[in-house]
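Shown next, in structure tokens, is the structure this report addresses.
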Amino acid sequence: MPDGAEALSRQYPEFEAAKAVVAAWLERLGAAPLHPLSATELEKYKGRKAAFGWRLSVEIDEEVCRLDLLLPQGFPWQPVRIALVDHPPFLTWPHVEKDGVLCLAPDSLEVDPDNPAGVAACSLDEAIRLTSALTKGELAGHFQDEILSYWSYAADEKGGGIVSLMRAEPPSRMVKVWRGQATYVMAETEADVCNWLANRHGKKPDHFQVEDAAFVWLKAPPIPSAYPATGKALRELVGQEGKEPEAVLSELVRKRPDKLVVALGMETMHGPALAGVVVPKPDKASHGAANPLTKGFRPGKVPDEIILGRYLGGSRVSRRSIDRADPDWVHGRGHDPRAAQLRQKTVLIFGCGSVGGGIAVQLAQAGIGRLVLADPDILKWPNIGRHVLGGSAVGQAKAIALAEKLRMDFPHIDVVSHTLDADTMLRDHSELVAQADLIISATGSWNADTRIDAWQRTAQRPAPVLYGWLEAHASAAHSVLIGGPPESIRSGFDGTGLPNFSVATWSNEGTRRQEPGCGAVFQPYGPVELNMANSVIADLALDALLQPCSVAVHRVWVASKKRLDAANGSWSDTWRNDPQFRPEGGFVFERTWPKANSDEGEAAAA
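Numbering-wise, my numbering comes out as the position in the sequence shown, counting from 1, plus 14.
This is how it looks when you write it as structure tokens:
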């Protein structure tokens, strides 16, 4: 037994017990005498954390194949791995990695730790089926369907990666590239590159400069033997696609860039894929013409065909992996039909505290194209326990710090901030407010809510307004969507902002707490309850953006009875008498928002 396995057995007896079960199964299978792998043989699989293994001789399609059955250090909680000992050169067959280990299942495979022999048996069966299919040449198409994996295996390890903001779709076209020291960024326009980098890093890079690049759409993904290793091979690959892709490549070559950066786009059964190629400019010869591209011709008189052939000659190219960071990929990996619609939307959020900040992050993650944040307050240390911003933002304006975070985390979206209260924002930036597709009030202020309500009633093109607030101790969260007049947020409250419908009620001692300072009051609740509440409000915001509704909607999240009891509260009589009442709590429901009467409408518009 290798030394590593002995140490593992002493420290984790479960490993030794599971190994013994697999060994007994192999003996029953007729594999005895078993051939344990030596330490030298296991060294081949050191990257797999293989602690023990056996070499098996298995007949597959009347041929004897040698397979290594490997037990990882985490066995039986991790699946066994099986390697093909006598495998062809890497990238000859799909699903066979450099060390011969077979890709039998996705990394997310779950196994039964109580049945180690069954796990090994299933893996061995899959290995036999896979090997049989490979030897028959039945899986060559998998190279194309999973090209991102195989291209990355063949990529230049020393070359930096490429980040793509481009649309992963035809036609072939000229695009832009920024070449950083470690990473390239490709996009449709210079502005796209500039905005993304400025958002990602807080400022535009020094000496910022973009260059032309090529996006070439292929009819089908190439197999590894066709991956271009030279400029000539790249030209041949592109030439097979017709005149349009080759014309794009020719146009780029005519500009004679220092490096030729080409993105190859292709459709697979799993969606579009991108791969990168970087071609260096031909070196100057130590003797002869100073410029190898124009040798034998007068300046400006070299035929395009000659330039293309000289640039894309026998010099080696660098294959690069491309990481997509375009909105369609970030928000749903190209499979969320809502992404394109949300990218066109603008949301204005009043209040960037624990509620508004959390909602802003969720909407950014959902793919909202533009966020406008307004809040006059400064972030303080007691805020960060339930705020999306941490200690690094203490002392900064909440709106400004939140906008900076969102721009860095989601560089493709537009985020602007204003350190203003709702009234000032509505008065001084009325045009900006009018551009919003949805306004969210998360201020927790009745004064702000009624001011926003008055604006909605008098605006020429009022946007729907979503009001969100929490009850004491986060016992419930309310989200009310008001599409426009005659509906009003005021119809559910009394004149001082007390709601007519509340889920919880409390003792006379009050629910607010005060810091040892004048007017510094707060509601005690934690981040876990807050996250549940914010999700309910953000969910209604998405509904409002994707499926506009003219009627008012009131959606309520009710905390669990356990949470209510811990805070010394009880269900209110209004909630107990509601047809949807459930004493255990812990659910979301909708109720009818009261209709606004004419007196409320006249008062609000006055």
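Ideal placement from N, C-alpha and C gives every residue a C-beta, glycine not left out.
Mind checking who residue i pairs with in its DSSP beta bridge?
i	result
methionine 283	Methionine 283 is not bridged to any residue.
methionine 188	Ala228
phenylalanine 507	Pro513
histidine 109	For histidine 109, which the question treats as bridged, DSSP gives no partner whatsoever.
arginine 330	Thr244
proline 630	Outside the shown range of the chain (15 to 620) lies residue 630, about which nothing can therefore be said.
glycine 482	Ser493
tyrosine 59	Answer is none; tyrosine 59 lacks a bridge partner.
glutamate 115	Sequence inspection shows valine at residue 115; the glutamate mentioned does not correspond to that position. Beta-bridge pairing links valine 115 to Ala97.
leucine 84	Gly67, Arg95
So the alpha helix (DSSP H) residue i belongs to, where does it begin and stop?
i	result
arginine 143	130 to 149
proline 341	341 to 344
tryptophan 460	460 to 472
isoleucine 398	Unbroken run through isoleucine 398: none, as it is neither H nor E.
isoleucine 496	Run containing isoleucine 496: none in the alpha helix (DSSP H); it sits in the beta strand (DSSP E), 490 to 496.
serine 368	368 to 380
alanine 417	412 to 423
aspartate 121	Here aspartate 121 belongs to no alpha helix (DSSP H), and DSSP marks it neither H nor E.
glutamate 445	444 to 448
Is residue i near the ligand SAH - that is, is its Cβ less than 7 Å away from at least one heavy atom of it?
i	result
cysteine 563	Here there are no bound small molecules, and the ligand SAH is not part of this structure.
Is the beta carbon of residue i sitting closer than 8 Å to the one on residue j?
i	j	result
alanine 13	valine 570	It is not possible to answer for residue 13, since the shown part of the chain is limited to 15 through 620.
serine 505	proline 608	yes
alanine 462	aspartate 435	yes
isoleucine 496	isoleucine 427	no
leucine 251	proline 242	yes
valine 7	alanine 141	As shown, the chain starts at 15 and ends at 620. That puts residue 7 outside it, with no answer to give.
aspartate 226	leucine 266	yes
isoleucine 453	alanine 287	no
threonine 203	lysine 190	yes
glycine 482	serine 493	yes
leucine 393	alanine 374	no
aspartate 75	glycine 175	no
alanine 623	glutamine 158	Because the chain is modelled from 15 through 620, residue 623 falls outside the range shown and cannot be assessed.
glycine 61	leucine 83	no
alanine 388	alanine 413	yes
valine 386	alanine 339	no
leucine 480	alanine 547	no
Once DSSP output is grouped into helix, strand and coil, what is the label at residue i?
i	result
tyrosine 539	coil
glutamine 528	Residue placement at glutamine 528 is poorly supported in this model, since its pLDDT is 47, which falls under 50; the coordinates still yield a value, given next. Reduced to three states, the DSSP call for glutamine 528 is strand.
threonine 203	coil
alanine 154	coil
alanine 620	Only weak support is given to the placement of alanine 620: the predicted model assigns it a pLDDT of 43, under 50, and the question is left unresolved by the model.
glycine 600	strand
phenylalanine 89	coil
phenylalanine 29	helix
threonine 606	coil
leucine 179	coil
asparagine 611	coil
proline 294	strand
glycine 533	Bear in mind that a pLDDT of 48 at glycine 533, under 50, signals an unreliable position, so the model cannot answer this.
glycine 405	helix
glutamate 429	Note on residue identity: the sequence assigns valine, not glutamate, to residue 429. Strand at valine 429.
lysine 575	helix
cysteine 79	strand
tyrosine 325	helix
arginine 347	coil
leucine 434	coil
histidine 221	coil
serine 549	helix
serine 521	coil
arginine 352	coil
Looking only at C-alpha atoms, which of the options sits nearest to residue i?
i	options	result
alanine 261	Met280, Ser186, Ala243	Ser186
lysine 359	Val369, Ile503, Gly61, Leu377	Leu377
alanine 32	Leu43, Ser332, Pro90	Pro90
valine 331	Gln92, Val207, Gly245, Asp553	Gly245
glycine 88	Pro219, Ala201, Pro27	Pro27
valine 565	Gln410, Asp126, Gly498, Arg62	Gly498
alanine 119	Ala65, Arg421, Ser137	Ser137
What residue range does the beta strand (DSSP E) around residue i cover?
i	result
isoleucine 363	360 to 364
glycine 638	A query on residue 638 cannot be resolved here, the shown segment of the chain reaching from 15 to 620 and no further.
arginine 268	Segment 257 to 268 is the alpha helix (DSSP H) holding arginine 268; no beta strand (DSSP E) there.
tryptophan 165	Counting along the chain, tryptophan 165 falls outside any beta strand (DSSP E), though it belongs to the alpha helix (DSSP H) covering 161 to 168.
isoleucine 454	452 to 455
arginine 384	384 to 388
isoleucine 237	Where isoleucine 237 is concerned, there is no enclosing beta strand (DSSP E), given that its DSSP letter is neither H nor E.
arginine 95	95 to 98
Return no unless some Cβ of chain B is closer than 8 Å to the Cβ of residue i.
i	result
lysine 233	Absent from the structure is chain B; it holds one protein chain and no more.
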